[in-house]
Every structure is written in structure tokens, then in C-alpha cells.
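Protein chains in written order, with my numbering: chain A, 60 to 268; chain B, 116 to 311; chain C, 105 to 280. Heads up, the beta-carbon is just placed ideally off N, CA and C, and yes, glycines get one too. Keep in mind that this is a model prediction, so the values were computed, not measured. See below for the structure under consideration.
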Amino acid sequence: MKKKNIIAVVIVLLIGVFLAFSKVKTTPTIEKSPESLFLSAIENTRYYSVEDVAKMIISQDPLLQLIDLRSEKEYNKYTLKGAVNIPLDQLLKKENLSDYFDQDVYNTVLFTNGSTHADAAWMILTRMGFTNIYVMKGGLNAWAENILKPKPDDGPWDAAADELYQYRRGASQYFGGGKAVVSETSAPPKTKKKKVIKRKKKEVEGGCG
Amino acid sequence: MAPVFEQGSEVNLIAALLIGIAFGWILESAGFSSSKKLAGVFYGYDFVVIKVFFTAAVTAAAGLLILNQLGLLYFEDVWMPTTYIVPTIIGGVIMGVGFVTGGFCPGTSVCAAAIGKIDAWAFMGGILLGIFFYSFTYESIWEPIRNSTKLGKVKIGDLIGLSEGMAVFAFLLFALFSFWLVDTIKKKYNIKDVEY
Amino acid sequence: MKNLKHRGKDKYMNPYVAGVLLGFVIMAAFFFSGEGLGGSGAFKDIVKTTVVSVAPDYAAHSHYFKSATELDHSPLKTWLAFEVLGILIGGILSGAYARRLNLRIEHSPKITSRKRIGFAILGGALFGMGSQLGRGCTSGAGLSGMAVMSVSGFLVVAAIFGTGYLLAWFFRKLWI
Chain A
60 MKKKNIIAVV IVLLIGVFLA FSKVKTTPTI EKSPESLFLS AIENTRYYSV
110 EDVAKMIISQ DPLLQLIDLR SEKEYNKYTL KGAVNIPLDQ LLKKENLSDY
160 FDQDVYNTVL FTNGSTHADA AWMILTRMGF TNIYVMKGGL NAWAENILKP
210 KPDDGPWDAA ADELYQYRRG ASQYFGGGKA VVSETSAPPK TKKKKVIKRK
260 KKEVEGGCG
Chain B
116 MAPVFEQGSE VNLIAALLIG IAFGWILESA GFSSSKKLAG VFYGYDFVVI
166 KVFFTAAVTA AAGLLILNQL GLLYFEDVWM PTTYIVPTII GGVIMGVGFV
216 TGGFCPGTSV CAAAIGKIDA WAFMGGILLG IFFYSFTYES IWEPIRNSTK
266 LGKVKIGDLI GLSEGMAVFA FLLFALFSFW LVDTIKKKYN IKDVEY
Chain C
105 MKNLKHRGKD KYMNPYVAGV LLGFVIMAAF FFSGEGLGGS GAFKDIVKTT
155 VVSVAPDYAA HSHYFKSATE LDHSPLKTWL AFEVLGILIG GILSGAYARR
205 LNLRIEHSPK ITSRKRIGFA ILGGALFGMG SQLGRGCTSG AGLSGMAVMS
255 VSGFLVVAAI FGTGYLLAWF FRKLWI
């Protein structure tokens with residue numbers, strides 16, 4: 060019995076010493092590997108054309124979440140219907156990440172004036188492991204050109220191009236006709252903060268108190 | 116990845132029931148269903164409480180750290196109490212008086228009630244009375260105390276400047292020392308078990 | 105342990121074995137549910153359920169019950185309430201296995217049953233209040249708190265057992 064006790068104590072102590080030098084691991088951030096990031100970056104799957112976005116806005120797609128990455132000043136001048144403003148320099152703020160990107164329900168579409176900054180933001184967010192992030196190709200410049208004041212195709216007539224033109228003209232009317240331009244002053248649409256369905260659960264509550 | 120089941124889900128409640136059954140079974144078969152055995156810890160004739168209690172806590176602390184090392188559990192994802200110094204101490208003192216007069220704690224009283232101890236049913240009724248009293252006097256007496264001296268979710272290692280691993284190791288040494296101590300005390304003073 | 109002449113099923117488990125098994129149960133609670141074990145939480149849920157259903161107006165204005173009135177399910181549908189129900193079932197099963205099931209009042213021969221019951225109610229009431237103030241009882245705040253090496257767990261265990269030892273002498277007639 061005595062011997063048994065000593066053996067038990069020695070085993071327990073060995074486990075203890077082993078544990079003594081271990082360091083606590085914290086939740087790892089899920090990062091995409093450079094390879095898969097590269098693949099999805101060169102593929103064009105991250106892009107929505109301005110027509111796609113227009114279609115989603117018109118049909119009031121409940122899963123669409125538009126993020127305007129420009130400055131607050133520009134956002135107040137003009138933005139897309141329902142867009143939320145997160146200036147690029149505030150993108151990595153904790154509450155922004157948790158409120159808008161840490162979810163897998165909405166399709167998040169990023170846009171700026173062109174697409175370079177939105178591309179950069181897409182790269183960062185994807186690298187951080189967030190999903191369903193897209194970029195509006197060509198940004199608001201393309202939006203102004205194609206949706207707000209569409210021009211008919213100059214080349215020889217073809218059915219697809221004409222259909223696109225007709226669609227753009229229709230959309231143009233929906234979004235206030237050819238007059239509106241990006242730089243024009245117009246009241247920003249009221250955007251309500253959406254109730255975000257979180258992927259991660261809330262802080263663990265409990266205990267018997 | 117822990118936790119396996121989502122908080123508030125039905126399957127989690129079933130898990131709670133099963134875990135409770137295991138808990139109750141172990142408590143009962145270790146003798147925690149007897150107030151005589153439980154109170155023995157204060158009079159030196161039965162140290163089963165200290166042995167079971169500290170063995171369980173050390174096993175769980177070490178085991179959770181191992182799960183953490185294996186990447187199966189992160190402490191941010193599981194329950195962790197927030198420390199409030201003064202209410203915890205006052206609450207502990209009140210519970211200490213309750214322990215030495217009642218001979219149970221809430222978990223063990225349920226387990227003793229299960230095997231037919233009428234005093235345990237009385238104890239459980241007492242708990243309900245106590246909580247009723249507490250709840251009706253909450254704003255006037257308890258609320259300011261309860262929310263004072265908040266320290267946050269602090270681990271003992273951070274407080275005394277030890278790494279988590281070292282703290283668990285120190286806890287283990289402390290537990291082994293206490294086991295040795297209680298056995299020595301019992302042998303030295305030759306304290307007889309009480310019978311009734 | 106000399107007085108435990110029984111051998112076999114009705115013998116109490118070795119405390120270290122029981123402790124290790126209990127440690128595994130705590131680990132399972134954290135691993136599967138992310139929760140610690142508890143005891144007093146279920147009693148709190150019973151009180152909340154009772155007050156919210158009997159006096160909803162009072163509950164809505166009480167700081168203590170307010171959160172319970174805003175739930176979309178019964179305050180009894182909690183992890184701890186089911187876990188404590190499990191303790192009851194587990195206790196019955198183990199008691200039946202070890203042939204310890206029988207109605208009785210366990211008390212020292214120096215006190216009457218009535219006195220034992222009185223002190224049990226008193227002790228329970230103190231535990232009820234203390235566990236609410238201290239955010240958990242011996243198993244919830246203490247055992248589970250120590251399992252995650254929380255300051256709060258060690259603090260509450262030191263306070264409970266410290267007080268117990270300090271006062272043990274005054275209450276010795278109840279037990280020995």
C-alpha cells in the first residue's frame with residue numbers, strides 16, 4: 060500500500076512538472092493560407108458587377124450588406140441605398156469586425172470610388188478568415204458610368220450589349236435618372252444598423268450564482 | 116472544439132442531465148450524501164471532503180490545461196467566473212456558517228435528498244427560503260455589495276505572477292501537501308470516527 | 105473507516121478515485137457544454153420561476169428578477185437546472201446500487217431530530233443567501249472556479265472552509 064502511494068505520487072508529480080512548463084494557448088485566428096488566398100485573388104469570383112449590385116438593390120435582397128469604405132464626408136455626399144459607412148482606416152476596429160464581418164449570413168459587398176481600396180480591404184478580410192466578402196467591380200465610378208448615365212454601345216449592334224444597355228437604362232431610372240452623379244450632393248439614405256447574426260457565440264454566461 | 120454543444124440548445128440540456136447524473140453518482144458513492152461525513156472535515160474525524168474536493172479540482176485544472184495544449188479547448192470559449200473580492204468573501208463566510216450548521220452544501224444536499232435524508236430536504240427548503248429572502252431584500256441590502264470590488268476574470272496565476280502551468284503545478288503540490296497533512300493529523304491525534 | 109465493516113457494493117468509494125472521476129466530470133462539463141458544475145443555480149431558477157409566474161408585476165420592477173422576466177423561455181430551462189436534476193437521479197441510482205436508499209434523519213445522538221431539521225433549514229437559508237452574494241456555491245463557484253484556476257474559486261473555498269473551521273468549535277454539539 061505504501062509503495063503504491065509513492066508510485067501514484069511520483070506519476071502525479073511527473074504530470075505536474077510536464078504541465079508546469081506549458082503555456083496557455085489562445086483561440087487561433089483562422090487565417091487563409093497564402094496559396095488559397097492567391098487562388099481566390101486571381102479568380103474573379105470576388106467581384107460583383109455594378110449591374111449585379113443594382114439588381115440586388117432593386118430586388119431588395121435581404122442578404123445584401125453594402126459597405127462604403129470611403130470617408131465619412133464622401134459617404135454623406137452620396138452613397139448606395141442601404142450602404143453602411145466604414146472608412147478604410149477604421150476597417151480593423153474590433154466592433155466593426157464583429158458587427159459586420161464576423162458572420163456568414165449576409166453577402167458583404169465592399170465599394171469605394173474605384174476598386175483598388177476595396178480590393179485591398181477584401182484581401183485583408185479574407186486573409187483574416189471572414190467569408191462572403193465581395194467587391195463591387197469598378198466602384199462608384201463604374202456605377203456612375205454604367206447605372207446612372209448609361210451610354211449605348213458604340214460598336215456594331217449585338218443583342219447582348221443592347222440588353223445590357225436596356226437594363227442599365229432601366230436601372231438608371233430607378234436610381235434617379237441620368238442626372239445624379241457621384242459628386243452631387245444628396246442626402247445620405249438612412250441606414251439602420253442591421254441585426255447581425257453572429258457566427259461566434261456570446262460570452263459564456265453561467266455559474267450557479 | 117470545446118464547447119461541443121451550443122449554449123441553449125436542447126442537446127446541451129441533455130448533456131447537462133447526463134453530466135449531472137455522473138456528478139450525483141460520484142458524490143453519493145464518495146459519501147457526500149452524509150452530513151456526518153461532510154461535517155467530519157471540521158472535526159478531524161473524516162477528511163473525505165478535502166480529499167475528493169481537491170483531487171477533483173486539481174484533476175480538472177490539469178485536465179483542462181492538457182485539453183488546451185492539445186488545441187481542443189480555449190479558455191475564452193468556456194465559463195470563467197468574474198471575481199468580485201468583497202461579495203465573494205462575505206458570501207463565502209455566510210456559506211461557511213451555513214455549512215457548519217446545516218452540514219451540507221447545495222449540491223450535496225440534492226444528492227443526500229435523493230437517498231432519503233429528510234434533513235437534506237429541509238436543507239433544500241432552507242436554500243429556497245434563503246434565496247427568497249435574498250431576492251426580496253436585494254435592492255436594499257445586497258445589490259451595492261454584490262457589484263463592488265470587481266477584479267474581472269482574473270486567474271490565480273496572473274494574480275501571484277505565475278504562468279498558468281506553474282500555477283497548476285503549485286496547486287497540485289498544495290493538494291498533495293494537504294492530503295499528507297490531514298492523514299498525519301488523523302494519525303497523530305488518533306481521532307476516532309463518530310458513529311450514529 | 106474502521107466502523108465501515110461492509111465490503112463490496114455498499115462501501116464508499118476511495119476518495120482519490122472519486123476525486124479523479126469527479127475531475128473528469130468537470131472536464132466533460134467544460135468540454136461538451138462550456139459550463140462548470142453547479143448546485144445553487146438550480147434553486148435560484150426555481151425561485152425565479154415561482155416569482156415570475158406568481159407575481160409578474162413585482163418581478164418586472166425588481167432588479168433581481170428583471171432579467172428572468174425578459175427570457176423567452178422558462179427560467180428553469182437552464183443548463184444548471186438540468187444538471188441538478190441529474191444529481192438527484194444520479195444520487196438515487198448510486199443509493200439504490202449501494203443499498204443506501206431509506207428515509208431517515210441523520211443527526212448526532214446529542215441533538216433531537218427537530219433540532220437537526222431546524223439547523224438544516226438555517227444552514228440552507230444561509231447557503232441560499234451566501235451563494236447569491238458570492239455568485240455560486242461550493243461546487244459552482246468553488247470547484248468549477250478552481251478548475252479554471254479563477255481567483256474567485258480559491259477565494260470562495262478559503263472563505264467557506266476558513267469560516268467553517270473558525271466556527272466549528274461553537275457548533276460541535278451538533279455533530280460530535
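query, result
"Quick one: is K61 of chain A near chain B, going by C-beta distance under 7 Å?", "no"
"So, is the C-beta of A67 of chain A closer than 7 Å to a C-beta in chain B?", "no"
"What is the rounded straight-line gap between the Cα of T252 of chain C and the Cα of D176 of chain C?", "Here residue 252 of chain C turns out to be Val, not Thr, going by the sequence shown. Distance between the alpha carbons of V252 of chain C and D176 of chain C: 30 Å."
"Give me the residue from A:E94, A:D161, A:I117, A:K61 with the minimum Cα distance to Q232 of chain A.", "A:I117"
"State buried or exposed for W273 of chain C, treating a residue as buried only when at least 16 other CB atoms are found within 10 Å of its CB.", "exposed"
"With a CB to CB cut of under 8 Å and the five nearest residues on each side skipped, what residues in its chain are close to L96 of chain A?", "M182, T185, R186"
"Decide yes or no for the touch test of the region 135–146 of chain C against the region 125–133 of chain B: beta carbon pairs closer than 8 Å, at least 3 of them.", "yes"
"What are the residues that DSSP puts in a beta bridge with N166 of chain A?", "A:L123"
"I'd like to know if the region 254–274 of chain B and the region 73–82 of chain A are in contact, where contact means that at least 3 CB-CB pairs between them fall below 8 Å.", "no"
"CA-CA distance, L125 of chain A and N166 of chain A?", "8 Å"
"Using DSSP bridges, identify the partner residues of M195 of chain B.", "Answer by DSSP bridge pairing: none, since M195 of chain B is not bridged."
"According to DSSP, is S118 of chain A helix, strand or coil?", "coil"
"Apart from the five residues on each side of it in sequence, which residues of its chain come closer than 6 Å, Cβ to Cβ, to L180 of chain C?", "D149, T153"
"Taking a Cβ distance cut-off of 8 Å, strictly less, list which residues of the region 187–221 of chain B are near chain A, in chain order.", "Y189, F190, E191, D192, V193, W194, M195, P196, P221"
"Would you list the residues sitting across from Y107 of chain A in a DSSP beta bridge?", "A:M195"
"Whose C-beta lies closer than 8 Å to the C-beta of Y199 of chain B among residues of the same chain, with five residues either side of it excluded?", "R261, N262, S263, T264, K265, L266"
"Where are the alpha helix (DSSP H) runs, 4 residues long or more, that stay fully inside the region 183–219 of chain C, in chain order?", "183–201"
"What do you get for F147 of chain B, buried or exposed, if any count of 16 or more other CB atoms within 10 angstroms of its CB means buried?", "buried"
"Would you kindly check if the distance between the Cβ of G190 of chain C and the Cβ of G135 of chain B is under 7 Å?", "yes"
"Using a threshold of 7 Å, state whether the C-beta atoms of A180 of chain A and L128 of chain A are closer than that.", "yes"
"If distances are taken between C-alpha atoms only, which option among B:G280, B:I205, B:V173, B:K151 comes closest to A13 of chain A?", "The question about residue 13 of chain A has no answer, for chain A in this structure spans 60 to 268."
"Quick check: A172 of chain B and M250 of chain C, are their CB atoms within less than 7 Å of each other?", "yes"
"Taking a Cβ distance cut-off of 8 Å, strictly less, list which residues of the region 266–298 of chain B are near chain A, in chain order.", "S278, E279, G280, M281, V283, F284, L287, L288, L291"
"Could you compute how far the alpha carbon of L125 of chain C sits from the alpha carbon of N144 of chain A?", "54 Å"
"How close, in whole Å, do the beta carbons of L185 of chain B and V151 of chain C come, if the pair is a contact with beta carbons under 8 Å?", "With 8 Å as the limit, L185 of chain B and V151 of chain C do not qualify as a contact, their Cβ atoms being about 40 Å apart."
"Buried or exposed, going by whether 16 or more other CB atoms sit within 10 Å of the CB of N103 of chain A?", "exposed"
"Assuming K265 of chain B is part of the beta strand (DSSP E), what are its boundary residues?", "265–267"
"A229 of chain C and G329 of chain B - do their beta-carbons sit closer together than 7 Å?", "Residue 329 of chain B lies beyond the residue range present for chain B, which begins at 116 and ends at 311; the question has no answer from this structure."
"If distances are taken between C-alpha atoms only, which option among A:V168, A:K61, A:Y137 comes closest to M5 of chain A?", "With chain A represented from 60 up to 268, any question about residue 5 of chain A goes unanswered, as that position is not in the structure."
"Establish whether the CB of G188 of chain A and some CB of chain F are separated by less than 7 Å.", "Protein chains in the displayed structure are A, B and C, and chain F is not among them."
"Exposed or buried, which one is R220 of chain C when buried takes at least 16 other CB atoms within 10 Å?", "buried"
"Starting from the C-beta of C220 of chain B, find all residues in its chain whose C-beta is less than 7 Å away, skip the five residues before and the five after it, and write them out in chain order.", "F214"
"So the candidates are B:A177, B:V309, B:A227, B:L296; which of them puts its Cα closest to the Cα of K214 of chain C?", "B:V309"
"Can the beta-carbon of T267 of chain C be found less than 7 Å from the beta-carbon of G123 of chain B?", "no"
"Measuring only the C-alpha atoms, how far is A229 of chain B from K268 of chain B?", "35 Å"
"In this structure, what does DSSP give as the bridge partners for S254 of chain C?", "B:K270"
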